[in-house]
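Visitor: For the record, the sequence lines run as chains A and B.
Here my numbering is used: the first residue of the first sequence is 1, the next is one more, and so on.
Here my numbering is used: the first residue of the second sequence is 1001, the next is one more, and so on.
Think of the CB as a built atom: it goes at the ideal place given N, C-alpha and C, for glycine as much as any other residue.
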Amino acid sequence: MGGLITRHSLLVTVVKMPWFKKTKELKTDRKGKIPEGLWVKCDSCKEIVYRKEIEKNLKVCPKCNYHFRISARDRLKLLVDEGSFTELDENLVSGDPLHFKDTISYKERLKENQQKSGLKEAVISGDALIKGHPVSLVIMDFSFMGGSMGSVVGEKVSKAAERSIEENQPLIIVASSGGARMQEGIFSLMQMAKVSAAIGRLKENGILYISILCDPTFGGVTASFAMLGDIIIAEPKSLIGFAGPRVIEQTIKQPLPEGFQRADFLLEHGLIDMVVDRKNLEDMLAKLLDLLR
Amino acid sequence: MIRYYLEFEKPIEELELKIEELKRISDGKDINLSGEVKKLEKKVKELRSEIFSTLTPWQKILVARHPDRPYTLDYINMITTDFIELHGDRRFADDHSIVGGFARIKDMPVMILGQQKGRGTRERISRNFGQLHPEGYRKALRLMKLAEKFKKPVITFIDTPGAYPGIGAEERGQAEAIAVNLMEMSRLKTPIISIVIGEGGSGGALGLSVADRLYMLEHAVYSVISPEGCAAILWKRNGDIGTEDFSRAAYALKLTAQDLLRFKIIDDIIPEPLGGAHRAPEVTAEKLTEYIVKAIEELSAKTPAKLVEERYKRFRKIGNFEEEG
Chain A
1 MGGLITRHSL LVTVVKMPWF KKTKELKTDR KGKIPEGLWV KCDSCKEIVY
51 RKEIEKNLKV CPKCNYHFRI SARDRLKLLV DEGSFTELDE NLVSGDPLHF
101 KDTISYKERL KENQQKSGLK EAVISGDALI KGHPVSLVIM DFSFMGGSMG
151 SVVGEKVSKA AERSIEENQP LIIVASSGGA RMQEGIFSLM QMAKVSAAIG
201 RLKENGILYI SILCDPTFGG VTASFAMLGD IIIAEPKSLI GFAGPRVIEQ
251 TIKQPLPEGF QRADFLLEHG LIDMVVDRKN LEDMLAKLLD LLR
Chain B
1001 MIRYYLEFEK PIEELELKIE ELKRISDGKD INLSGEVKKL EKKVKELRSE
1051 IFSTLTPWQK ILVARHPDRP YTLDYINMIT TDFIELHGDR RFADDHSIVG
1101 GFARIKDMPV MILGQQKGRG TRERISRNFG QLHPEGYRKA LRLMKLAEKF
1151 KKPVITFIDT PGAYPGIGAE ERGQAEAIAV NLMEMSRLKT PIISIVIGEG
1201 GSGGALGLSV ADRLYMLEHA VYSVISPEGC AAILWKRNGD IGTEDFSRAA
1251 YALKLTAQDL LRFKIIDDII PEPLGGAHRA PEVTAEKLTE YIVKAIEELS
1301 AKTPAKLVEE RYKRFRKIGN FEEEG
């Protein structure tokens, strides 16, 4: 079924492509999600692929269609009309309510991740146009502390939802996260309730919310805003679930079935609406936005 | 009665055994040891008071998980009358890890529900150690919607290590079930009062506690992750982990009732009898009733719209961050 939908949308795109396709290509900037080197081994099929080929292909493995993780900035380039994005709430930074320390302090860990990713937090948010349609957009970045949700992620998502109501524009969230952020303890946990309540208000106001799940989406993010979309889309082969596969394996003490928690598994179990290739995502969003405005 | 003593209660156990011994010796004989017994009993009380007033976070976890600690059904039996248990989510199954139904507390009709851990191997397995599957969260939501329809307040008891991590749970949408509960509870048009009576295990606990009033028993805990899970993530690479690491993680996570009150996440702490809720369940139950009745009275005075608005604000303002210039 997943294959069918994917092929179908691919068809549509092929027909439309020449009209508006900006040459969207992703450079592996700095610490890209793709390992350094001229050649790259695909995480999924283990084939050795020429790096340039993957980059041209929007960081999708040409052999097996595995979608590599991409940064929030790259994602932005792929999804929105050029120059249309206005970033909001970009200066929010986490406090350290627990004075948490593992090997280094949480404050230091935040700094380290800010330098590494060039981001202030695990999410960027703002207003944008998708093929002319105004939306509130939130994009998570897995490279910032595993895309974990602490106070800032919760606040930015809630603000984006509230802005959608004020501006009467759809909300689109691209999720990629290991779950709630341990270092903010109970504050992180409570963000799940906060964002879910904000999404609840969207429903009451008849505002469209499209949730896009990317590799990987887990824990407190899946169990809050990510699974609350009116429409839920996943990228091919993304690992999505509540509990991580290792935790489940340790609990049930048996190996997990092939394809468990992959996008197609969720589609088969009725948990998401569709699996869409990265190259077709923008078109699919535009179609939905057009149809449901 | 065979009592279960935690490691740090061993000095108490020794004294209590001695007291029993003395009582046995003097029983039916001419020797009067009541003076000795009284002295020892006083010493036990002092010792217990000392130990329990300085519990470490990890020790609190052990108390919260104590096998003799009263569970949801124990409290329901003690604090309600006319409890009518309702079953099933109407979609897949009846999850025995959660119990709930209509009942009366001091004559007031309420919907009361909560996670139920089991006592003894057989019940523990049938209750799945208080770890819900998606059908459990959906059952809870169905009951809460019933309460909304009939304008009855909802009381939830939280006591779970977490939502169950298993194949079936994932297939049936564990994450979705919890997410929907969070959203629906945030806009339920009837008062919700939640009490963490033992373990508040992460999203699995939150899925029943988006409430107007959130209380914790004195030795209950509530955390984003278990200390064992936290320690495994942080320190496993250094080899085996053990109690010392769990203890460190428990401290770092700030998961006690006292921490959460300080953070203003909960409204109040419900005191437990000396030595923990299980030492005098009736006393604990009486305290619970007191808090619940007071909360119902306060919340019932508000219109549903006001309740929902205040509940939204309550969670909306939680967060610790700043705006950088």
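Return the residue from the list Lys203(A), Asn280(A) and Met149(A) that minimises the CA-CA distance to Met182(A).
Guide: Met149(A)
Visitor: By the DSSP assignment, the beta strand (DSSP E) with Cys214(A) in it spans what residues?
Guide: Tyr209 to Thr217
Visitor: Does the beta-carbon of Arg278(A) have 16 or more other beta-carbons within 10 angstroms, so that it is buried, or is it exposed?
Guide: buried
Visitor: Quick one: which chain B residues come within Cβ less than 7 Å of Thr251(A)?
Guide: Pro1165 and Gly1166
Visitor: Mapping the DSSP letters down to three states, classify Pro987(B) as helix, strand or coil.
Guide: No answer is possible for residue 987(B): the residues shown for chain B start at 1001 and end at 1325.
Visitor: In angstroms with no decimal places, state the Cα-to-Cα distance between Val152(A) and Cys45(A).
Guide: If you take the alpha carbons of Val152(A) and Cys45(A), they lie about 36 Å apart.
Visitor: Tell me whether Val276(A) sits in a helix, a strand or coil according to DSSP, three-state version.
Guide: coil
Visitor: For the beta strand (DSSP E) containing Tyr50(A), list its first residue and its last residue.
Guide: Under the DSSP assignment, Tyr50(A) falls in the beta strand (DSSP E) whose first and last residues are Ile48 to Tyr50.
Visitor: Whole angstroms is fine: what's the gap from Lys1106(B)'s alpha carbon to Met1216(B)'s?
Guide: 21 Å
Visitor: When Cβ atoms are compared, which residues of the region 103-132 of chain A fall closer than 8 Å to chain B?
Guide: Thr103 and Lys120
Visitor: For Arg1003(B), I'd like the list of residues in its chain whose CB is within less than 6 Å of its CB, leaving aside the five on either flank, ordered along the chain.
Guide: none
Visitor: Looking at C-beta atoms only, is the number of pairs between the region 1187-1204 of chain B and the region 1217-1236 of chain B that lie closer than 8 Å three or more?
Guide: yes
Visitor: DSSP state of Val67(A), grouped into three classes?
Guide: Here residue 67(A) is His; the residue named in the question, Val, does not match the sequence. Looking at His67(A) - three-state DSSP - the assignment turns out to be strand.
Visitor: Any idea what DSSP makes of His1278(B), helix, strand or coil?
Guide: His1278(B) falls in the helix class under three-state DSSP.
Visitor: Jot down the residue ranges of each uninterrupted alpha helix (DSSP H) in the region 179-205 of chain A, minimum 4 residues, whole runs only, in chain order.
Guide: 185-204
Visitor: Which of the three DSSP states, helix, strand or coil, is assigned to Leu171(A)?
Guide: strand
Visitor: List the endpoints of the continuous alpha helix (DSSP H) containing Val80(A).
Guide: From DSSP, Val80(A) is part of no alpha helix (DSSP H); its letter is neither H nor E.
Visitor: So, using beta-carbon positions, are Ile1296(B) and Pro1191(B) closer together than 8 Å?
Guide: It is a contact, given that the beta carbons lie within the stated cut-off.
Visitor: Quick check: what's the CA-CA separation for Leu1015(B) versus Glu1323(B)?
Guide: 57 Å
Visitor: Would the beta-carbon of Gly1101(B) fall within 8 Å of that of Ile1084(B)?
Guide: Note that the C-beta distance between Gly1101(B) and Ile1084(B) is below 8 Å.
Visitor: Does the region 127-138 of chain A come into contact with the region 94-111 of chain A, if we say contact requires no fewer than three beta-carbon pairs (one atom in each stretch) closer than 8 Å?
Guide: no
Visitor: Counting only beta-carbon atoms, is Phe68(A) nearer than 8 Å to chain B?
Guide: no
Visitor: If you reduce the DSSP assignment to three classes, tell me which class Asp29(A) lands in.
Guide: In this predicted model, Asp29(A) has a pLDDT of only 49, less than 50, meaning its place in the structure is not dependable; the value taken from the coordinates is given anyway. Note: Asp29(A) maps to coil in three-state DSSP.
Visitor: Count the other CB atoms within 10 Å of the CB of His269(A); is the residue buried (16 or more) or exposed (fewer)?
Guide: exposed
Visitor: Does chain A have any CB closer than 8 Å to the CB of Met1183(B)?
Guide: yes
Visitor: So the candidates are Ile70(A), Phe144(A) and Phe68(A); which of them puts its Cα closest to the Cα of Lys120(A)?
Guide: It is Phe144(A) whose Cα lies nearest to the Cα of Lys120(A).
Visitor: Measure the CB-CB distance between Pro216(A) and Ile186(A) and report whether it falls below 8 Å.
Guide: no
Visitor: Can you give me the start and stop residues for the alpha helix (DSSP H) that Tyr1251(B) sits inside?
Guide: Thr1243 to Leu1253
Visitor: Using a 10 Å radius around the Cβ and a threshold of 16 neighbouring Cβ atoms, would you call Gly206(A) buried or exposed?
Guide: It counts as exposed.
Visitor: Applying the 10 Å Cβ sphere with the 16-neighbour rule, what's the burial state of Trp39(A)?
Guide: Label assigned to Trp39(A): exposed.
Visitor: Per DSSP, what kind of secondary structure is Val14(A) in: helix, strand or coil?
Guide: Here Val14(A) scores only 34 on pLDDT, less than 50, and its place in the model is too uncertain to base an answer on.
Visitor: Would DSSP call Leu285(A) helix, strand or coil?
Guide: helix
Visitor: Answer with buried or exposed for Ile1125(B), where buried requires no fewer than 16 other C-beta atoms within 10 angstroms of its C-beta.
Guide: Per the 10 Å Cβ criterion, exposed.
Visitor: Taking the alpha-carbon positions, what's the Leu78(A) to Ile70(A) distance?
Guide: 10 Å
Visitor: When the Cα atoms are used, what is the spatial distance from Lys31(A) to Lys116(A)?
Guide: With a pLDDT of 43 at Lys31(A), under the threshold of 50, the predicted position of this residue should be treated as unreliable, and no value is reported.
Visitor: To the nearest whole angstrom, what separates the beta carbons of Leu1182(B) and Gly1207(B), a pair I think is in contact under 8 Å?
Guide: The beta-carbon separation of Leu1182(B) and Gly1207(B), rounded to 7 Å, stays under the 8 Å limit for a contact.
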